[in-house]
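Participant:
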Amino acid sequence: MEKERGSKLMIYDSENIFAKILRGEIACDKVYEDDFALAFNDINPQAPIHILVIPKGDYVSMADFTASAPAELIAGFFRAVGHVARALELEQPGYRILANSGANAHQEVPHLHIHIFGGKKLGPMLVR
């Protein structure tokens, strides 16, 4: 699906795996869901706790989401991220959130998603 967003044309692939999960075509190991977001365990975890949180809508990146989504969805999505971290008791000892955007960041699925990592001491943010 193509949508005119601001002055740029953003292309959202409605057949990406997260779109299919949102539509119920592919199962996921759900951790949390509300009107704004869906959170589930990553199928290839990089930490003992590795959750993906996706907004309910066709947004490619954080830039696209924050420019195009209604304020209620943006707030609800970020509240969902916080809710999941609290529910998994990650506030103490700590956790990391990460959102990749584009090829240089190694974004694998063209649907905005935030990774929540926890359950162990995490290494440095980037390896040189």
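Adding 16 to a residue's 1-based position in the sequence shown gives its number in the working numbering. Every residue, glycine too, gets a C-beta built ideally from N, C-alpha and C.
(1) Given a threshold of 16 other Cβ atoms within 10 Å of its Cβ, counted over all protein chains shown, does PRO86 qualify as buried or as exposed?
(2) With a threshold of 6 Å on Cβ separation, who are the neighbours of LYS46 within its own chain once the five nearest residues in sequence on each side are excluded?
(3) Would you mind sorting LEU138 into buried or exposed? The rule is 16 or more other CB atoms within 10 Å of its CB.
(4) Provide the residue(s) that pair with ALA53 in DSSP beta bridges, ordered along the chain.
(5) Is it buried or exposed, LYS129, if we count other Cβ atoms within 10 angstroms and call 16 or more buried?
(6) Measuring alpha carbon to alpha carbon, tell me which residue in LYS136, MET141, LEU142 and PRO126 is nearest PRO64.
(7) Quick check: the stretch 27-40 against the stretch 98-117, are at least 3 beta-carbon pairs closer than 8 Å?
(8) Excluding the 5 residues preceding and the 5 following GLU20 in the sequence, name in chain order all residues of the same chain whose CB lies nearer than 7 Å to its CB.
(9) Answer with buried or exposed for ASP51, where buried requires no fewer than 16 other C-beta atoms within 10 angstroms of its C-beta.
(10) How many Å lie between ASP74 and ILE90 at the Cα?
Facilitator: Straight from the coordinates:
(1) Exposed.
(2) The beta carbon of LYS46 lies closer than 6 Å to those of PHE56 in the same chain, with the five residues before and after it left out.
(3) Exposed: under 16 other Cβ atoms inside 10 Å.
(4) In DSSP, ALA53 forms a bridge with PRO71.
(5) It is His, not Lys, that sits at residue 129 in the sequence shown. Buried.
(6) The shortest CA-to-CA distance from PRO64 to any of LYS136, MET141, LEU142 and PRO126 is the one to LYS136.
(7) Not touching, per the Cβ criterion.
(8) Its pLDDT being 47, under 50, GLU20 is placed unreliably in this model, and the value from its coordinates should be taken loosely. When the five nearest sequence neighbours on each side are left out, no beta carbon in the same chain lies closer than 7 Å to the beta carbon of GLU20.
(9) With fewer than 16 other beta carbons inside 10 angstroms of its own, ASP51 counts as exposed.
(10) Between ASP74 and ILE90, the alpha-carbon positions lie close to 13 Å from each other.
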